[in-house]
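**Q** Adding 775 to a residue's 1-based position in the sequence shown gives its number in our numbering.
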Amino acid sequence: MSHEKINECVIPKDLHYSVEDNTWVRLNEDGTVTVGMTDIAQHLAGPILHAKAKGAGTDRKKGKPIATVESGKWVGPVKSPVSGVITEVNEKLAGDAQLINRSPYREGWVVKMKPEALDAELKEMVTGDQAVAAYKAKIERDNIKACNHIEGSDTY
Numbered sequence: 776m777s778h779e780k781i782n783e784c785v786i787p788k789d790l791h792y793s794v795e796d797n798t799w800v801r802l803n804e805d806g807t808v809t810v811g812m813t814d815i816a817q818h819l820a821g822p823i824l825h826a827k828a829k830g831a832g833t834d835r836k837k838g839k840p841i842a843t844v845e846s847g848k849w850v851g852p853v854k855s856p857v858s859g860v861i862t863e864v865n866e867k868l869a870g871d872a873q874l875i876n877r878s879p880y881r882e883g884w885v886v887k888m889k890p891e892a893l894d895a896e897l898k899e900m901v902t903g904d905q906a907v908a909a910y911k912a913k914i915e916r917d918n919i920k921a922c923n924h925i926e927g928s929d930t931y
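1. Per DSSP, which one or two residues make a beta bridge with Val864?
2. For Lys827, which option in Tyr792, Gln873, Pro856, Met900 has the closest C-alpha, if you only look at C-alpha atoms?
3. If we call anything under 8 Å between Cβ atoms a contact, is Gly883 one with Gly811?
4. Are Val907 and Ile786 touching if we call contact CB-CB under 8 Å?
5. My guess is that Pro890 and Val808 are in contact by the Cβ rule of under 8 Å, so how many angstroms apart are they, rounded?
6. Thinking Asn782 and Ile925 are a contact (beta carbons under 8 Å), I'd like their distance in whole angstroms, please.
7. Mapping DSSP to helix, strand and coil, what is Tyr792?
8. Does the distance from the C-beta atom of Ile861 to that of Ile841 stay below 8 Å?
9. On the DSSP letters alone, give me the boundaries of the alpha helix (DSSP H) that Arg916 sits inside.
10. Hey, out of Thr902, Lys887, Asp894, Ile919, whose CA is closest to Asp805's CA?
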């Protein structure tokens, strides 16, 4: 199976995760990476009202904001799990920020980046069964109830 569900929270095994920041990285064939928020992050935020990413060409260090997301109960940064330059912003989010809620791993990605220190930074992330175990522990530790999904979600 290419993903697991923990309390209805979907964790695809082919992505790399920064568990504490609830962000993921997908490696692209052209050497860039796609970055987004996890299913757990969209659940904790609730229905997202606005998502504003930094512009293409912006240089970001790991841990620095690549976007700001606002929901009815939360405003906060999406922290970059890697260092690099933003090469593309998901323009669809400007008109429909709830794409992050409905499709956190597909249509709701936040930015694409050209990473600077990918090999080293991937070692600090988890993937596969290790990611599932890390999220199981986080869900228990943070007492996260079952992930809610808004109408039209594509939870695998």
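Note that CB positions come from ideal geometry on N, CA and C, so glycine has one too.
**A** Checking against the coordinates, here is how it stands:
1. Residue 864 sits at position 89 when you count from the first residue of the sequence shown. Looking at the DSSP assignment, Val864 forms a beta bridge with Val886.
2. Here residue 827 refers to the residue found at position 52 of the sequence shown. Looking at the Cα atoms, Gln873 is the closest of the given residues.
3. Against the sequence shown, residue 883 aligns to sequence position 108. Against the sequence shown, residue 811 aligns to sequence position 36. A contact, by the Cβ cut-off of 8 Å.
4. As a position in the sequence shown, residue 907 is number 132, starting the count at 1. As a position in the sequence shown, residue 786 is number 11, starting the count at 1. For Val907 and Ile786, yes; Cβs fall inside 8 Å.
5. Locating residue 890 in the sequence shown gives position 115, counting from the first residue. Locating residue 808 in the sequence shown gives position 33, counting from the first residue. Correct: roughly 5 Å between the Cβ atoms.
6. Taking the sequence shown and counting its residues from 1, the one referred to as residue 782 is at position 7. Taking the sequence shown and counting its residues from 1, the one referred to as residue 925 is at position 150. No, Asn782 and Ile925 are not in contact; Cβ-Cβ is about 17 Å, not under 8 Å.
7. In the sequence shown, counting from the first residue as 1, residue 792 sits at position 17. Here Tyr792 sits in strand by DSSP.
8. As a position in the sequence shown, residue 861 is number 86, starting the count at 1. As a position in the sequence shown, residue 841 is number 66, starting the count at 1. In this structure, Ile841 lies closer than 8 Å to Ile861 by Cβ.
9. Here residue 916 corresponds to residue number 141 of the sequence shown, with the count starting at 1. 903 to 916 is the span of the alpha helix (DSSP H), which, as asked, contains Arg916.
10. Locating residue 805 in the sequence shown gives position 30, counting from the first residue. The shortest Cα separation from Asp805 among Thr902, Lys887, Asp894, Ile919 belongs to Lys887.
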